[in-house]
Amino acid sequence: MVLHYSDDLLKTPDPNEGKFGDWIVKKDTFNVTCRLCKSNVCIKEGEKALPKHSLSAKHHKAKGAKAGTGNIFQAFAQQDAKQREQKSCEEKARDAELIYLHHIEAHGIPPHVASCTTLLFKQMFPDSKIAEKFTFSDSKQGYEITHGLGQHYNTRLVNRLQQEYFSINIDESTVLKTNQLAITVRYFHRGVKRVVTEHYKTVEIGKKDADSLVSVLHETFTADGIDYKSQLLHIETDKPPTFKSRIFESCLLQTLQ
Numbered sequence: 001m002v003l004h005y006s007d008d009l010l011k012t013p014d015p016n017e018g019k020f021g022d023w024i025v026k027k028d029t030f031n032v033t034c035r036l037c038k039s040n041v042c043i044k045e046g047e048k049a050l051p052k053h054s055l056s057a058k059h060h061k062a063k064g065a066k067a068g069t070g071n072i073f074q075a076f077a078q079q080d081a082k083q084r085e086q087k088s089c090e091e092k093a094r095d096a097e098l099i100y101l102h103h104i105e106a107h108g109i110p111p112h113v114a115s116c117t118t119l120l121f122k123q124m125f126p127d128s129k130i131a132e133k134f135t136f137s138d139s140k141q142g143y144e145i146t147h148g149l150g151q152h153y154n155t156r157l158v159n160r161l162q163q164e165y166f167s168i169n170i171d172e173s174t175v176l177k178t179n180q181l182a183i184t185v186r187y188f189h190r191g192v193k194r195v196v197t198e199h200y201k202t203v204e205i206g207k208k209d210a211d212s213l214v215s216v217l218h219e220t221f222t223a224d225g226i227d228y229k230s231q232l233l234h235i236e237t238d239k240p241p242t243f244k245s246r247i248f249e250s251c252l253l254q255t256l257q
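In structure tokens:
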């Protein structure tokens, strides 16, 4: 009986092992190709041609080579899975550190508690791989906030100052050969429903005279798109009254109802 190719052949058991579908691919109506050894098998004379081929030396050699390759791939797959698991644990520990940083920054917790917190987590969760990899020192916490999340917090603060009335407190550096001006702001935080104080920026200054400080403040607020001339309510500083007047002379003093 003449045998034509049909998909039913793929489900037909191979008397030698598995199914024909494990290794045959349709070539045309009367021929299939062995995926293992790439040989052509004519099925026109019946199904016996298929088990006959699966017993051939060429087929067995190709099958053995694939099995060996499969073992290698399996070994690599297991190694990759282990690395992914380890990486996942490290990523989770990093996520935990970010959550911790955000929490202490939001609540104004001082950085010197970082080392104690790290030890506490390890004691509280001795079986946790995440707690084991959670490492924070006082210096690391300060660095991460200043150079990592600091930009995020500053951007968020700038967005709020663009919409709210605020007052500022400025303080010059007293360290020799260091000319810096620290600026903190006080404003009504609509999220927590109270007035809050936050560090806005520390900027480099040239001279410390009134004109230079006024110029620095103007450039800093203007660069961030903050309309301080219509939103600034008060200045706290140890500078003489003439300095304050220089700031406010171009501002529209606002009265809150």
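Those letters in the sequence shown? Residues 1 to 257, per full-length UniProt numbering, in order.
Beta carbons: idealized from backbone N, C-alpha and C, even for Gly.
Since the model is a prediction, treat every value here as computed from it, not as a measurement.
Through-space distance from residue j to residue i, alpha-carbon basis
i    : j    : result
T117 : E132 : 12 Å
E236 : E172 : 12 Å
D28  : V41  : 11 Å
E91  : I99  : 12 Å
H102 : L119 : 19 Å
I104 : G64  : 60 Å
I226 : Y143 : 27 Å
C34  : D22  : 9 Å
D211 : P126 : 59 Å
Y200 : R190 : 18 Å
K11  : S88  : 40 Å
F121 : R156 : 30 Å
R160 : F136 : 30 Å
V214 : V113 : 38 Å
G206 : D95  : 41 Å
Q162 : I109 : 27 Å
L149 : A223 : 21 Å
K140 : E97  : 11 Å
E219 : V158 : 14 Å
V195 : M124 : 36 Å
Y208 : D238 : The sequence as given places Lys at residue 208; Tyr does not occur at that position. Between K208 and D238, the C-alpha separation is close to 13 Å.
G198 : V216 : Position check: residue 198 holds Glu in this sequence, whereas Gly was assumed. Rounded to the nearest angstrom, the two C-alpha atoms are 19 Å apart.
G70  : A49  : Summary for G70: the model assigns pLDDT 47, below 50, so the residue's position carries little reliability, and this model does not support an answer.
K61  : S128 : 48 Å
D7   : S56  : 23 Å
Same chain, Cβ closer than 6 Å to residue i, five either side skipped, listed in chain order
i    : result
A93  : I130, K133, F134
K58  : C37
H169 : For the sequence presented, residue 169 should be read as Asn rather than His. Excluding positions up to five away in sequence, the list reads T184, E236.
L9   : F20
P15  : P51
K193 : none
A182 : D171, T202
S54  : D14, N16
Y5   : K26, T29
F221 : Y228
Any non-hydrogen atom of the ligand FAD within 7 Å of residue i CB
i    : result
Q180 : As far as ligands go, the structure on display features none, and thus does not contain the ligand FAD.
Beta-bridge pairing of residue i - partner residues as DSSP gives them
i    : result
N179 : For N179, which the question treats as bridged, DSSP gives no partner whatsoever.
F30  : Answer by DSSP bridge pairing: none, since F30 is not bridged.
P13  : K19
T197 : R186
C42  : N31
I24  : C34
Close Cβ partners of residue i (< 7 Å) along its chain, the five nearest in sequence each way excluded
i    : result
E204 : N179, Q180
G18  : none
V32  : Y5, I24, V25, K26, V41, I43
Y153 : E105
H234 : S167
If we count Cβ pairs, one from each stretch, closer than 8 Å, do we get three or more for the segment 181 to 200 versus the segment 159 to 168? The segment 181 to 200 is in contact with the segment 159 to 168.
What are the complete alpha helix (DSSP H) segments, minimum 4 residues, inside the segment 140 to 174? 150 to 161, all fully within the segment 140 to 174.
Entirely enclosed beta strand (DSSP E) segments - the segment 202 to 238, minimum 3 residues: Within the segment 202 to 238, the runs of beta strand (DSSP E) that reach at least 3 residues and sit entirely inside it are, in chain order, 232 to 236.
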